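Everything below concerns the one structure shown next.
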Amino acid sequence: TGRLEQFQNYCFLPLEFHDVSQIKASFKKMTRACVPSMSAQISNSHAHSNGNDISVILPNSMSFYKLIEESRWLY
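Just so it is clear: in the sequence shown, position 32 is 198 by the numbering used here, and no numbers are missing.
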């Protein structure tokens, strides 16, 4: 019983370890969400005379928040 009393003052927390390939895949998904240059379409049809108005259009089903959530980077 002496050993059981010794562990009563400790709180054990579960740890989850990820391997390198999981971290790389997750980081790649997060990067695509933050910098969607690969999947974005740049539309210059609405550009003003000064050329500063460039709109980036993402697919409707993939919002920024959904892409971040799917990356699992914040977990």
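Glycine is no exception: its CB is placed at the ideal position from the N, C-alpha and C atoms.
Note that this is a predicted model, so its numbers are computed, not measured.
Backbone secondary structure at residue i - three-state DSSP
| i | result |
| --- | --- |
| ARG238 | coil |
| VAL186 | helix |
| SER192 | helix |
| LEU179 | coil |
Neighbour-count burial assignment, residue i, 16 or more Cβ in a 10 Å radius
| i | result |
| --- | --- |
| ALA191 | exposed |
| SER237 | buried |
| GLN172 | exposed |
Expected contact under 8 Å - CB spacing of residue i and residue j to nearest Å
| i | j | result |
| --- | --- | --- |
| ARG198 | LEU240 | In fact, because the Cβ distance is near 15 Å, the residues do not count as touching under 8 Å. |
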